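Protein chains in written order, with our numbering: chain A, 7 to 416; chain B, 165 to 498; chain C, 204 to 498. Glycine residues also receive a C-beta, built at the ideal position from the N, C-alpha and C atoms. Small disclaimer: the values here were computed from a predicted structure and weren't measured.
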Amino acid sequence: MPAKTPFKAFALSSMVLAMGAASGAVASNGFSDDVVRIGVLTDMSGIYTDLSGEAAVEAVRMAVEDFGGEVGGVPVDVIYGDHRNRADTGASRAREWYDSEGVDMINDLSNSGVALAVAAVAEERQRHAIVNSSSNIGLTNDYCSPYVTHYTYDAHSLAHGTGKSIVEDGGDTWFFLTVDFAFGIGLEEQVSEVVREAGGQVVGAARHPLDTTDFSSYALQAQASGAEIIGIASTGADAINAINALAEFGVTPDQRPAALLLWYDDIVSLGLETAQGLMLTNAFYWDANDETREFSERFYERTGRMPNMAHAGNYSSTIHYLNAVEAAGSDDPDAVSEQMRELEINDFFAKGGYIRPNGRMVHDQYLWEVKAPDESEYDYDFMRLLTTIPGEEAFQPLENSTCHLLDNDQ
Amino acid sequence: MHLRSLTWPLLIVGLLALIAVPFFPQLVYSVFVMKTLCFVLFACAFNLLLGHTGILSFGHAAFFGSGAYITGQLVKAYGVPTELGILAGGLVAALLGAVIGALAIRRSGIYLAMITLAISQLVFFFFLQAPFTGAEDGLQRIPRGTFLGVIDLNSDTALYYVVLGIVGVGLWVVWRTVHSPFGQVLRAIREHEPRAISLGYPVARYKVMVFALSAGLSGIAGSLKAIIFQLAALYDVHWHTSGDVILMTLLGGMNTVLGPAVGAAIVSTLNHYLDPFGAWVTVITGVVFMACVLTFRQGVVGELGKLLGTRRSAPPQPPATRPYSTGKPHEPTR
Amino acid sequence: MDIFGVPIQALMGQLMLGIVNGSFYAVLSLGLAIIFGVLKIVNFAHGAFFMLGAFTAFLLAQHLGASYWTTLLVAPLAVALFGMLFEWLFLRRLYGLDPIYGLLLTFSLVLVLEGGFRVAFGSSGQPFVTPEALRGTLNLGFMILPLYRGFVIIAALMICLVTWFVIERTALGASLRAATERAELTQAFGINVPRLVTLTYGVGVGLAAFAGVLAAPIFHVNPSMGSSLVIIIFAVVVIGGLGSIMGAIVTGLGLGVVEGFTRVFYSEFSSTIVFLVMVLVLLLRPAGLFGREEG
Chain A
7 MPAKTPFKAF ALSSMVLAMG AASGAVASNG FSDDVVRIGV LTDMSGIYTD
57 LSGEAAVEAV RMAVEDFGGE VGGVPVDVIY GDHRNRADTG ASRAREWYDS
107 EGVDMINDLS NSGVALAVAA VAEERQRHAI VNSSSNIGLT NDYCSPYVTH
157 YTYDAHSLAH GTGKSIVEDG GDTWFFLTVD FAFGIGLEEQ VSEVVREAGG
207 QVVGAARHPL DTTDFSSYAL QAQASGAEII GIASTGADAI NAINALAEFG
257 VTPDQRPAAL LLWYDDIVSL GLETAQGLML TNAFYWDAND ETREFSERFY
307 ERTGRMPNMA HAGNYSSTIH YLNAVEAAGS DDPDAVSEQM RELEINDFFA
357 KGGYIRPNGR MVHDQYLWEV KAPDESEYDY DFMRLLTTIP GEEAFQPLEN
407 STCHLLDNDQ
Chain B
165 MHLRSLTWPL LIVGLLALIA VPFFPQLVYS VFVMKTLCFV LFACAFNLLL
215 GHTGILSFGH AAFFGSGAYI TGQLVKAYGV PTELGILAGG LVAALLGAVI
265 GALAIRRSGI YLAMITLAIS QLVFFFFLQA PFTGAEDGLQ RIPRGTFLGV
315 IDLNSDTALY YVVLGIVGVG LWVVWRTVHS PFGQVLRAIR EHEPRAISLG
365 YPVARYKVMV FALSAGLSGI AGSLKAIIFQ LAALYDVHWH TSGDVILMTL
415 LGGMNTVLGP AVGAAIVSTL NHYLDPFGAW VTVITGVVFM ACVLTFRQGV
465 VGELGKLLGT RRSAPPQPPA TRPYSTGKPH EPTR
Chain C
204 MDIFGVPIQA LMGQLMLGIV NGSFYAVLSL GLAIIFGVLK IVNFAHGAFF
254 MLGAFTAFLL AQHLGASYWT TLLVAPLAVA LFGMLFEWLF LRRLYGLDPI
304 YGLLLTFSLV LVLEGGFRVA FGSSGQPFVT PEALRGTLNL GFMILPLYRG
354 FVIIAALMIC LVTWFVIERT ALGASLRAAT ERAELTQAFG INVPRLVTLT
404 YGVGVGLAAF AGVLAAPIFH VNPSMGSSLV IIIFAVVVIG GLGSIMGAIV
454 TGLGLGVVEG FTRVFYSEFS STIVFLVMVL VLLLRPAGLF GREEG
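Here is the structure:
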């Protein structure tokens, strides 16, 4: 983005502030104020900027523009904020947006601590939040709410996507390289369960601290385990360092690495040379079909990069939210929530997707394999589809969810 | 015009402004002010060590974060009343401060700073591993409860005044400490430790006491934050938080009582209002800090005092360049 | 034969890897120790210069097609020049003041550098290929060591040795040591101390960048690659004894080994063990393992 944008945004947000102060009184035709405002709360400046960041804001803006810029005769406005990967900063921003800036829906929410904190605020303030880039399954279990939607993926879909397909493919002894964080351990447990259920065996695990650079020791441990599959339960720099070390020490290709949460961006920074043969579950890949290509090329023109699954989820979920607002003829959170769960999602991102009462958006997931350098024929040609995992298999069965909303309903 | 004659009017105007905050939600968001108040207390408590005793602790996040986690867990899992939870957070932090202080003060200068850093890393590890903290997800959904069984803290306005009151009491404690005979001895230790020893003061015991006090108040700041945001997170015990508080204190001016408060407000405001700059925010923050270090080294409040051609009568400033010993001249006797 | 259930052959392997990892610590902490010795400033930006080294190497290779060997030489020099400029423009205004201001200024530099690189190159990092000549593996009998890791040990030890030799055995080193002890007296002998100080900062920073280039092919090159490293390096220098050249090198290697074994027996603790060691050392030996007790 050009350097002048921040200033524009700054002017805009001060304008918004002034407007927020002026309005707030008049309710017209079912809308609480004269604007539907979407806040994108993301990591603008930290380690996850590539996964969501400015491009996430752009995805939401694009969705609003494609929708026509207004819904039910009321303009739609997009603002953004930086949670700095701190749960308190995120929660504080969310509160301020809901309370004094008239934000109706908060999107993106990378970082699971932030996502959980904002979900709590959303429930308390009875406004919407849509989580697109965090895997925390608690969002649709203990911490579920009628106002929180978990859209793109979660730990369950990752585990069942990658884990199950690989065991079925014959990879039935596993060793895990897990980041010593709640998300890593949770992912390891989920996959272990899948592996055991499918008749496989977990032979060991090594848990490394966050931000480990030297994975050589773990590479040797993985090698010594003799497992066929090395499950990598970490993401970003940790996962990349782990994959690099496995390749360097010749652990792969004899033992296959399975990345449990790898992003499109991680493939870019690994390079195909090292990444080739990796299997990963992603809800979206730009080059899957004509529809995804159409969206991705437009996205590329705006941002100079290809979208990853979070960006696609941001776009799709924003459109879905606006559809629900239009159908409800109001921005009343309860009416919108009802419509969001009523309407089916059919776009480039999901076919026949729907939102369960616990807030889980159910849609197909895909297992991809990274191409070898000589198989890559054009720019950004990185992956090939291995399997499609139907949404019902990928996501946690509803009867296993501990969401309190379900007890009330059933 | 003397700054000193300006102090009280300024304080009163500031206090009135703080009291008025919940009435002007369009101007400033009260939760943001509450968060800032927590850091104000944290920084002023920290400065009891750095500015007033000449001890640099690089591990104060351990106290801040312990307070947050202890309060959060007590209130959430055991249904302890909020005010007792906050008190317990402060007490545990004070106890931890006494232990860490007792170990750390056996050295001085950079070595002391490094011991506090190291122990705070061990504390971080404890909270990362402890099952109740939820690691990077944080301890979520801590109920705010009621204050003294009467005031419902779920109202932001009610909570605001409670936080303002507690932080006010905390700052008063800092103020009283600095201006008490105890504070005099602390300054004597800062200025010339061997002399304080030869005068017969039990220097080690004084240091441990001020360590515990500083830690306890920091813990309360953390507890308050846990109640306000209803969560305690790893960042609260991370060494970055220890660094943040040093930064706040130096920006505001460590040779003044209220300097750190101003520093905390500046850092917090920068964090809050720089969002529109997107990815540039880190760079901008860095440049601002750099400019501060290079141009007004006495801190904002310190420089303001200099500008007005006077310095506050108490506490007196140390020789400008050596607020704490670098560990060379007088290693305390073992 | 097993030790705590781990075959001794595997432990030999871990020892070897510990030395490789320790080589990085040695080079980094050597730079930090030199800077502290002369400038009395704790260079918080050391991790950022490490990152800068790796990134410069990446950019040189990417855009100018420079070979790995060229980058190994050019990148540290370029970063050293940048460091000297920083010292000359800013850092030198803080001499004679409390060292905490130096800490703060270098910390601000970290924010600017890391933030700036994130704006320019994104947060997720860049691939960097191992040079062709060092791609094979080495069979040590007890393990298969990638050739490049072996090269890291040799390169790191050589640069440490050269630095040590210059400081301890040459005229330049002598005036440097003199300036460390008595800056004014050294100045009076006609030695340009300010220039010497700038040069020292350059060397220290250059060493960090050298470690960065060494790390580029095996550790992921991204803007925050140095940020968690810096406090570990602090700890190494303090354990070794502030200002002790030998202490920094030996402790760096030793710590790599200790960390390596922790990864086998209690992996979660491996990034924290250094701090436990530091507490113990400082309580038992106040001036660190190799430091002189002054006083």
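{"query": "Inter-stretch contact (C-beta, 8 Å, three-pair minimum) for the segment 262-280 of chain C and the segment 378-392 of chain C", "result": "no"}
{"query": "Proximity to C/VAL453 [Cα-Cα], best of C/PRO210, C/MET215, C/ALA236, C/GLY216", "result": "C/ALA236"}
{"query": "Opening and closing residue of the beta strand (DSSP E) in which A/ASP110 lies", "result": "109-114"}
{"query": "Cβ shell of C/ALA406 (< 8 Å), same chain only, five flanking positions each side left out", "result": "Contrary to the premise, residue 406 of chain C reads as Val rather than Ala in this sequence. Result list for C/VAL406: GLY234, ILE237, ALA283, THR366, in chain order."}
{"query": "CB of A/LEU145 within 8 Å of CB of A/ASN314, strictly", "result": "no"}
{"query": "Under the three-state DSSP convention, the category B/MET278 falls into", "result": "helix"}
{"query": "Which of helix, strand or coil DSSP assigns to A/LEU47", "result": "strand"}
{"query": "Check whether A/LEU216 and A/VAL185 have beta carbons under 8 Å apart", "result": "yes"}
{"query": "Nonlocal neighbours in the same chain, by C-beta distance under 7 Å from B/MET412, ignoring five residues either side", "result": "PHE203, ALA207, PRO424, GLY427, ALA428, VAL431"}
{"query": "C/HIS266 - DSSP class collapsed to helix/strand/coil", "result": "helix"}
{"query": "B/GLY423 - DSSP class collapsed to helix/strand/coil", "result": "helix"}
{"query": "Test: B/TYR242 CB closer than 8 Å to a CB of chain C", "result": "no"}
{"query": "Within-8 Å CB hit, A/GLY119 to chain B", "result": "yes"}
{"query": "CB contact below 8 Å: A/THR408 versus chain B", "result": "no"}
{"query": "Chain-ordered neighbours of B/ILE283 on chain C, where CB pairs are closer than 7 Å", "result": "VAL482"}
{"query": "Three-state secondary structure assigned by DSSP to A/HIS166", "result": "helix"}
{"query": "Beta carbon proximity, A/ASN320 to chain B, threshold 8 Å", "result": "no"}
{"query": "Beta-carbon neighbours of A/GLU1, restricted to chain B and to distances below 9 Å", "result": "The first residue shown for chain A is 7 and the last is 416, placing residue 1 of chain A beyond what the model contains."}
{"query": "Three-state secondary structure (DSSP) of A/PHE182", "result": "strand"}
{"query": "Any chain A beta carbon closer than 8 Å to B/GLU300", "result": "yes"}
{"query": "Cβ separation of C/SER327 and A/ASP272, assumed to be a contact under 8 Å, to the nearest whole Å", "result": "6 Å"}
{"query": "Cα-Cα separation, A/VAL32 to C/VAL313", "result": "Because A/VAL32 sits at a pLDDT of 39, beneath the cut-off of 50, its placement in the model cannot be relied upon, and the point is left open."}
{"query": "Sequence-distant residues of its chain with Cβ nearer than 6 Å to B/THR171 (five each side left out)", "result": "none"}
{"query": "According to DSSP, residues forming a beta bridge with A/GLU417", "result": "This structure cannot settle anything about residue 417 of chain A, because the visible part of chain A is limited to 7 through 416."}
{"query": "Nearest-angstrom beta carbon gap, B/LEU381 and B/GLY334 [assumed within contact, 8 Å]", "result": "5 Å"}
{"query": "Alpha-carbon to alpha-carbon, C/GLY463 and A/THR218", "result": "12 Å"}
{"query": "Beta-carbon contacts of A/GLN207 that lie in its chain and below 8 Å, excluding the five residues immediately before and after", "result": "ASP178, THR179, TRP180, VAL201"}
{"query": "Neighbouring residues, chain C, relative to B/VAL449 (Cβ below 7 Å)", "result": "Reading off the sequence shown, one finds Thr at residue 449 of chain B, where the question assumed Val. Result: LEU314."}
{"query": "N- and C-terminal bounds of the alpha helix (DSSP H) containing B/TRP403", "result": "403-416"}
{"query": "The segment 238-249 of chain A / the segment 423-437 of chain C touching (three or more Cβ pairs under 8 Å)", "result": "yes"}
{"query": "Within-8 Å CB hit, B/GLN237 to chain A", "result": "no"}
{"query": "Presumed contact (8 Å Cβ cut-off) between C/GLY459 and C/TYR228, rounded CB distance", "result": "5 Å"}
{"query": "Three-state class that DSSP yields for A/THR393 in the structure shown", "result": "strand"}
{"query": "Cβ shell of C/LEU399 (< 7 Å), same chain only, five flanking positions each side left out", "result": "SER378, LEU379, ALA382"}
{"query": "Sequence-distant residues of its chain with Cβ nearer than 8 Å to A/GLU300 (five each side left out)", "result": "PHE354"}
{"query": "CA-to-CA distance, B/LYS389 to B/ALA184, given in whole angstroms", "result": "21 Å"}
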